[in-house]
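To start, the structure under review is shown below, and the notes come after it.
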Amino acid sequence: MPTKTVYKTSIKNISILDENGKFDSKLGKDVIPIDDAVRLYEHMMRCRRFDEVAFKLQRSGRMGTYPQNWGQEAASAGAAYVLDKSKDWLVTPYRENAGLFWHGLPMEYILWHWMGDERGNQIPEGLCQTPISIPIGTQPLHAVGFAWAAKYRKENAVAVTFFGDGASSEGDVHEALNFATTMKLPMVFCCQNNGWAISTPLERNVAAEVVAQRGLAYGAHCIQCDGNDIFAVVKVMREAVERARNDFEVTFVEMVTYRMGDHTTADDARRYRDSSNLEDWEKKDPLRRLRIYLEAEGAWDDAKQEALEAQAAEHVREVVKTAEGIEAPKTADIFDYTFAELPQDLIEQRERMRTTSIGLGCD
Ligand SMILES: Cc1ncc(C[n+]2csc(CCOP(=O)(O)OP(=O)(O)O)c2C)c(N)n1
Ligand SMILES: [Mg+2]
-3 MPTKTVYKTS
7 IKNISILDEN
17 GKFDSKLGKD
27 VIPIDDAVRL
37 YEHMMRCRRF
47 DEVAFKLQRS
57 GRMGTYPQNW
67 GQEAASAGAA
77 YVLDKSKDWL
87 VTPYRENAGL
97 FWHGLPMEYI
107 LWHWMGDERG
117 NQIPEGLCQT
127 PISIPIGTQP
137 LHAVGFAWAA
147 KYRKENAVAV
157 TFFGDGASSE
167 GDVHEALNFA
177 TTMKLPMVFC
187 CQNNGWAIST
197 PLERNVAAEV
207 VAQRGLAYGA
217 HCIQCDGNDI
227 FAVVKVMREA
237 VERARNDFEV
247 TFVEMVTYRM
257 GDHTTADDAR
267 RYRDSSNLED
277 WEKKDPLRRL
287 RIYLEAEGAW
297 DDAKQEALEA
307 QAAEHVREVV
317 KTAEGIEAPK
327 TADIFDYTFA
337 ELPQDLIEQR
347 ERMRTTSIGL
357 GCD
């Protein structure tokens, strides 16, 4: 019996703006108009400032654990930039502030979340996003639900979900991919490959050459891009979103980036990784290279930078004031916002505001 090849493919990597600010004008033509590139830069700078302040809030005891987003802003903001805020869903874990803010979430919600205030998870009416997901890899399944509903209701909407390289090994992510591709749902799976899942390096977690290969098994379009290059992210995401919206075809996008900070403020990455890596990645910083590009285009200068830094600092100061200024939640909230209809035993507990489960309220 002759043998024949029944399957063969390759995966492309897209990069447009390199770490020295050199721009591939053929590939990058019309990807982001200059005014929007300025807006995205300003947005990412505000997010970076937010990230620094959130870190300090934790260190000074004013907030609980916080996962720094530092260095991963372009992948997140670039993906959100191509979405239609009024109907496309963005379903993410905890390191996608830049995308969530671009998609409309006021910054104080993320602070409330990490301050342990559930009101940070009550996404304002009309925003097409979910609370940030902490159980790793669960949120792509939620995105499948949104995409399926959108297709069923003929809303012409797309669901974009994010997850990490570590999460790409979770069964839930694979079930979501299988469901999305077999049901032909309008979805994009974005994997932020930042090299680490807490202290587990990529190679201990993924044996494949590139993470994007994981989508091949499910028949998804698969592509890798430089996640610190906002032009590459936008180009790849625009094509993926259009393919999802118009043809119900699923894309797996691997965005290669690096986790510049510790996993969270509860971690100390110096205990398990070599910090010399950080210097290389600092050169690849998404904000740094976009600034070089904007300056070369005559759209940015030191005076603008100084003004933006002052404005971003003021903006974040106001956000912190709003977050810390909220009145304390009512004790009854724990009952009122957990069940649609309260079971009888909880109605009784609500009346007494006490529980028998820890030995109290036994009178
Ligand atoms: C289901 C589940 N298992 C384990 C954890 C503990 N945990 C929190 S973050 C994390 C690593 C996630 O790595 P990755 O998906 O690469 O995301 P990153 O933190 O790098 O953004 C783990 C194992 C969790 N939150 N949920
Ligand atoms: Mg990771």
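Residue numbers (my numbering): -3 to 359.
Yeah, the Cβ is synthetic: ideal placement off N, Cα and C, and Gly gets one too.
Close beta carbons around residue i, own chain, < 6 Å, minus the five adjacent residues each side
| i | result |
| --- | --- |
| I106 | N93 |
| E114 | none |
| T260 | T61 and P63 |
| R210 | S164 |
| E15 | K279, K280 and R285 |
| A139 | V87, A155 and T157 |
| A49 | Checking the sequence, you will find Val at residue 49 rather than Ala. These residues qualify, in order along the chain: V312. |
Cβ-based neighbour list, residue i, same chain, cut-off 7 Å, excluding 5 preceding and 5 following
| i | result |
| --- | --- |
| Y214 | L173, N174 and T177 |
| T253 | G67, Q68, A71, Q188, N189, N190, G223 and N224 |
| A308 | M41, R42 and R45 |
| I343 | none |
| A76 | L86, G95, W98 and H99 |
| F51 | Y62, Q64 and T261 |
| D168 | G133, T134, P136 and L137 |
| K300 | none |
| L290 | A33, V34, Y37 and W296 |
Pair within 8 Å by beta-carbon distance, residue i and residue j
| i | j | result |
| --- | --- | --- |
| M251 | L274 | no |
| F46 | V312 | yes |
| I132 | E171 | no |
| Y37 | R266 | no |
| F331 | R348 | no |
| F43 | L86 | Here residue 43 turns out to be Cys, not Phe, going by the sequence shown. Not a contact, by the Cβ cut-off of 8 Å. |
| V246 | L53 | no |
| M111 | A319 | yes |
| I10 | G24 | no |
| C218 | I7 | yes |
| N81 | H99 | Reading the sequence as shown, one finds Lys at residue 81 and not Asn. Result yes, Cβ atoms of K81 and H99 sit closer than 8 Å. |
| A204 | F248 | no |
| F364 | K150 | No statement about residue 364 is possible, as the shown extent of the chain runs from -3 to 359 and does not include it. |
| D264 | D258 | yes |
Beta-carbon separation (whole angstroms), residue i vs residue j, contact threshold 8 Å
| i | j | result |
| --- | --- | --- |
| V184 | V206 | Actually they do not touch by this definition, with Cβ atoms about 17 Å apart. |
| V34 | A295 | 6 Å |
| W277 | G67 | 7 Å |
| L181 | A143 | 4 Å |
| V78 | M233 | 5 Å |
| T422 | L212 | The requested residue 422 is not part of the displayed model; the chain covers only -3 to 359. |
| M103 | L283 | So it is not a contact: roughly 17 Å between Cβ atoms. |
Own chain, CB closer than 8 Å to residue i, minus 5 neighbours either side, in chain order
| i | result |
| --- | --- |
| D161 | C187, Q188, N189, N190, G191, W192, A193, L198, N201, V202 and V207 |
| Q135 | V87, T88, P89, T126, S129, T157, F158 and F159 |
| Y268 | S195 |
| T(-1) | none |
| H39 | A73, A94, F97 and W98 |
| D84 | C124, A153, V154, A155, V156 and V237 |
| Q340 | none |
Given 8 Å, three or more beta-carbon pairs between the region 80 to 98 and the region 291 to 311: Too few Cβ pairs lie closer than 8 Å, so no.
Decide yes or no for the touch test of the region 10 to 23 against the region 57 to 68: beta carbon pairs closer than 8 Å, at least 3 of them. No, the region 10 to 23 is not in contact with the region 57 to 68.
Neighbourhood of ligand 1 [Cβ distance below 5 Å to any heavy atom], ordered by chain position: Result (chain order): R91, P131, I132, G160, D161, G162, A163, N190, A193 and I194.
Are the region 64 to 84 and the region 218 to 225 touching by the rule of at least three beta carbon pairs closer than 8 Å? As far as the Cβ criterion goes, the region 64 to 84 touches the region 218 to 225, which means the pair count is three or higher.
Any chance the region 141 to 158 sits against the region 232 to 246, with 3 or more Cβ pairs inside 8 Å? As far as the Cβ criterion goes, the region 141 to 158 touches the region 232 to 246, which means the pair count is three or higher.
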